[in-house]
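Novice: Quick one: the structure is below, and I'll ask about it shortly.
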């Protein structure tokens, strides 16, 4: 289950069409057979402030790719490469900007990962009420 967390400079956050980029990113991973599209979880976080070196005009897009299912190292690298390519394309599309894009990728073993799925109240209530057995026909 890949998780992709993207931290973005304030200016790039406002100028990039993130819903489109995330859909393209999910599709790129799924079409390459690297992950099931329904398993991919991504989010974009805008930085309140950032600085690259001493250049106040430079911007950044830093992704962290976390996987919980074991994959060969080459598959993880292919995933990271596709993420990087999608982010690079998004920055280039907006035009003249100086930016750094990078992807950190890590595997998190299942014993180092906790999860709970929460359903809406109505869904929980419906699941708790077992369907009634059909009544016996009257004799």
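In the numbering used here, the protein residues as written are 419 to 557. All C-beta atoms in this analysis are idealised placements derived from N, C-alpha and C, irrespective of residue type, glycine included.
1) Terminal residues of the continuous beta strand (DSSP E) containing residue 461?
2) Within 10 angstroms of the Cβ of residue 526, are there 16 or more other Cβ atoms? Answer buried if so, exposed if not.
3) Mapping the DSSP letters down to three states, classify residue 424 as helix, strand or coil.
4) Given 8 angstroms as the limit, is there contact between the region 469-478 and the region 427-439, that is, 3 or more CB pairs closer than that?
5) What's the C-alpha gap between residue 440 and residue 512?
6) For residue 496, which option in 471, 508, 453 and 538 has the closest C-alpha, if you only look at C-alpha atoms?
7) What are the start and end residues of the beta strand (DSSP E) that includes residue 536?
Specialist: Taking the structure as given:
1) Per DSSP, the continuous beta strand (DSSP E) segment holding residue 461 begins and ends at 459-464.
2) That one is exposed.
3) It is a strand residue.
4) The region 469-478, when compared against the region 427-439, does touch it at the 8 angstroms Cβ threshold.
5) Each residue's Cα considered, the two are about 16 angstroms apart.
6) Checking every option, the nearest Cα to that of residue 496 belongs to 453.
7) Residue 536 -> no beta strand (DSSP E), and no H or E assigned at all.
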